[in-house]
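Okay, structure first, notes after.
Protein chains in written order, with UniProt numbering: chain P, 1 to 487; chain G, 1 to 487.
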């Protein structure tokens, strides 16, 4: 965390000249305050800075020390600071406190967390700790937590929060403002309020912007101001699709409803940003042949990472092993034509690279919503044309390179003729076309099958092209070099 | 656009049952209204739906038709709907209108755009159109546009908007609300107001949340409520770093200041989301060996895409060509040991795959701010250990595979001994270690050199490993197979 916060903190004059180094330099003072039970200074520390900054300064403290600091803060501040801790630190704190028999104190904090964060946290802590905490929650929080835990990870329901400002349709601007100011403490955002009927069915959306703009007309009914054409999502919708919707519409939050359009909760812009960031990392890992990680590179346990990488490297290894079988089958060809072996890596890497480009373009197009399944004909046309163009270019380069290179035939070998050398460009053209077409269509096929198209990522496309490349190479060689075909 | 909006629109009952198909089904009606100059129906259409939805329904209209619809809308609505058009459509509209001599009408709309969107738009339209439009803008907008155009693309200054609510420190809650409601129409967000001194120096941040929460204490001075510890960025800061900061802090907007902490503008959450999405696509393209695109896959002109891909494929081709040189140098080895050739693709793809994994993990770690340059020792240690583990696993698999495979020696060849076969696992181990270590360190090196670490992406790491792989393979073979070493 220090590094990524560095730019912000460095530039935020004139308040504490906090830099990465200072984050830790401040630690001894904090520890001193804790050791001497200097609650006054601790409270001053917690209150003076923004919650995110306080969390940053507390980074080096262990779970027990952190709790000592949080203890002196008032409950609202405590929950805010806690919210900015890294998930690992939050989990450690819960485990330490509940382990020490302080489950009651912890349950207070857990109850104060926004519902979505509470559920996330309880997902990460040990099951027996959850069992200890949940009965200590106030009845309403308990019921809600159990309900939210029912939505599978990755759905809109699992990232929504249920703490929303709800208004009745018959309020005026002034009444709405009064109502919001009363509900404000318990909700995650006051920027959007939702107008619902007695059955909690969603009637409209009222933004704080509209309220503030009409502050000077306090008697205007909100039913005149509210937006009735509200875009909603269902609780079981995929969180990535929801994030794209919010991003497209520039919303601050999106309401989650059930089949009867009853308001279940909202997903706020910060959760949307988290989803978008997580999905970007996930897609990048998939595209390099790895399963998504729970936390970052350095934070993931070495063994977990090794298993994750090992499984995929192993799968790719067996795919690559097929090339060895193919080569064994064609051993004779390589035996009789000495220079064929030189261009094996060139041929397969050219195919793999063009395939990766196509796959990545189509996968990103699908993610950004620009490409859909219905576009497959356009994609096919584009990639065919692209393959022919790129392939022809590489073929020309390959022809010259192969000619020059094979002039230096080693002792006991003769240099190939012009026609023989043409095996290399012909192969390159075919392999590149094969690469672009497979790369373009495989992600669409995966999408069609209901799988994540990002799975059909660079290494897999490359693996398929590797084998295809060798088969094409030898087939072309056998067709173009007379002696070989006969042999 | 239709496809990516589909989930939202499909579920937004009970208003117009809009689906992708209906977007275009509605077109004839719109065209009919335009043809019959039915301004009343047009106005109703524009006013009834959310601006994003109106823009969606207008997708099939050409520039002239679109303008006829926008014309009937009141200026505020017009600018909102226009803001939801695709950039290409916006540009086309400007060109069509200015081309028809309607520069004055267009300049009104351009002046009404948020400053950041205005600058973006003017970046995309032809220079002579810009020259026609800018003199028609009101003096203040003109000055501001010219100033914002001075910030290079990719900086915080280039994405900020200057239309911000500014408040004096001595206001009360009620006075602040009144002031905001007066300024509201001209600004992009009312959710954050900035408290500045007479010199426009930033003193604090006041959120609409705090105002609404204290709505029932109208006389409370805002100086008691405002946040003084405001995180700011500089206009020349990189937009990606700014986006990460905002995402980390869950801000709705971040103020952009000059060296004297004078408020220049703000960057709002929707711009942040756009930056994050663009950077994710950019990194994905780089990691597949392509330069970032201005627009999406299908929208980029075929020729532009071919040039982009061709250049990189060409560079990678020459990298791969080095493997041919390496193989030529070692031709003798492959000539005298028949089975060596079988494992060339296996060796280089194993190295490439493990290198891609490491490179991607480190690049994502750098992007997410989890890994910094100072972590290079940890990265080295991790990747060395990872390489040894993965390498040993693959070596074991490779040993068995190579043994089984080479038992089927073709006529005239003898199967290799156990020691000879051990060349394959020994090579795999070394190549995988080389892959993980290079893959982990090269992005850090690029970062250190001030280059985008995503450049040191999968195909480049793979290209380097390809050559290293062949050199390692033959060197190990020469060392382990007696006859070869002597030959």
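Backbone N, C-alpha and C define an ideal beta-carbon position, used for all residues, glycine too.
Where in the stretch 28-104 of chain G do unbroken runs of the alpha helix (DSSP H), each at least 4 residues long, occur, reported from the N-terminal end onward? 39-48, 51-57, 63-72, 75-84, 87-99
Would the beta-carbon of residue 181(G) fall within 8 Å of that of residue 220(G)? no
Listed from N- to C-terminal order along the chain, which residues in the stretch 44-56 of chain G have their beta-carbon within a distance smaller than 8 Å of any beta-carbon of chain P? Along the stretch 44-56 of chain G, the positions whose C-beta sits under 8 Å from a C-beta of chain P are 48, 49, 50, 52, 53, read in chain order.
Interface partners of residue 357(P) on chain G, CB under 8 Å: Result: 288, 289, 290, 309, 312, 313.
From the DSSP output, in three-state form, read off residue 231(G) for me. Coil at residue 231(G), not helix or strand.
If you draw a straight line from the alpha carbon of residue 190(G) to that of residue 311(G), how long is it in whole angstroms? Residue 190(G) and residue 311(G): Cα-Cα distance of roughly 47 Å.
For the stretch 316-328 of chain P against the stretch 449-464 of chain P, are there 3 or more C-beta pairs whose distance is under 8 Å? yes
Please list, in chain order, the residues of the stretch 369-383 of chain P that have any C-beta partner in chain G closer than 7 Å. Closer than 7 Å at the C-beta level to chain G, one finds these residues of the stretch 369-383 of chain P: 369, 370, 371, 372, 375, 378, 382.
Using CA coordinates, which residue listed in 206(G), 355(G), 36(G) is at the minimum distance from residue 68(G)? 36(G)
Close-in-space but distant-in-sequence residues of the same chain around residue 455(P) (CB under 7 Å, 5 per side omitted): 286, 446
I need the straight-line Cα distance from residue 479(P) to residue 398(G), nearest angstrom please. Across the structure, residue 479(P) and residue 398(G) are spaced so that their CA atoms are roughly 32 Å apart.
In chain G, which residues lie less than 7 Å from residue 466(P) when you measure between Cβ atoms? 345, 349
Between 369(G), 336(G), 344(G), which lies nearest to residue 323(P) when the distance is taken from Cα to Cα? 344(G)
For residue 78(G), collect the residues of the same chain with a Cβ closer than 7 Å to its Cβ; drop the 5 residues on either side in sequence, then sort them by chain order. The residues are 70, 109.
Spatially closest choice to residue 524(G) from 215(P), 194(P), 155(P), 205(P), by CA coordinates: For chain G, the structure presents residues 1 to 487; residue 524(G) sits outside this window and is missing.
Take the Cβ of residue 401(G) as the centre, count every other Cβ of all protein chains shown within 10 Å, and call the residue buried at 16 or more, exposed below. The residue in question, residue 401(G), is buried, as its Cβ has 16 or more Cβ neighbours within 10 Å.
C-alpha distance - residue 115(P) paired with residue 137(P), whole-angstrom precision: 12 Å
Coil, strand or helix - residue 190(P) by DSSP: coil
So residue 155(P) packs on residue 248(P), CB below 8 Å; how close in whole Å? That pair is no contact at about 19 Å.
Quick one: what does DSSP say residue 372(G) is sitting in, helix, strand or coil? coil
Which ranges would you report for the alpha helix (DSSP H) in the UniProt domain "CBS" (160-222) of chain G if only whole runs of at least 4 residues count? 173-183, 208-213
Looking at residue 243(P): is its Cβ nearer than 8 Å to the Cβ of residue 206(P)? For the pair residue 243(P) and residue 206(P), the CB atoms are not nearer than the 8 Å cut-off.
On the three-pair Cβ rule with 8 Å, is the stretch 433-447 of chain G touching the stretch 372-392 of chain G? yes
May I have the straight-line CA-CA distance separating residue 448(P) from residue 439(P), to the nearest angstrom? 15 Å
Check the Cβ of residue 302(G) against every Cβ in chain P and list those closer than 8 Å, keeping chain order. 382, 385, 386
Verify the CB distance criterion: does residue 181(G) have a CB-CB separation below 8 Å to chain P? Yes, residue 181(G) lies at the interface with chain P (some Cβ there is under 8 Å from its Cβ).
Residue of 158(P), 130(P), 200(P), 28(P) minimising C-alpha distance to residue 95(P): 130(P)
What would DSSP say about residue 125(P), mapped onto helix, strand or coil? Shown here, residue 125(P) sits in coil according to DSSP, grouped into three states, outside any helix or strand.
Got a sec: which bits of the stretch 415-431 of chain G sit with their beta carbon under 7 Å from any beta carbon on chain P, in order along the chain? Listed in chain order, the positions of the stretch 415-431 of chain G with a beta carbon within less than 7 Å of a beta carbon of chain P would be empty, since no residue qualifies.
Using only the alpha-carbon positions, how far apart do residue 124(P) and residue 261(P) sit? 31 Å
With 8 Å as the threshold, decide whether the Cβ of residue 215(P) is near any Cβ in chain G. yes
Residue 338(P) versus chain G: which residues are under 8 Å apart at the beta carbon? 331, 335
To the nearest angstrom, how far is the alpha carbon of residue 250(G) from that of residue 254(P)? 16 Å
Determine which residues share a DSSP beta bridge with residue 268(G) and list them. 253(G)
Could you work out which residue in 346(P), 30(P), 47(P), 44(P) is closest to residue 58(P) when comparing CA atoms only? 30(P)
Do residue 335(P) and residue 339(G) have their beta-carbon atoms positioned less than 8 Å apart in this structure? no
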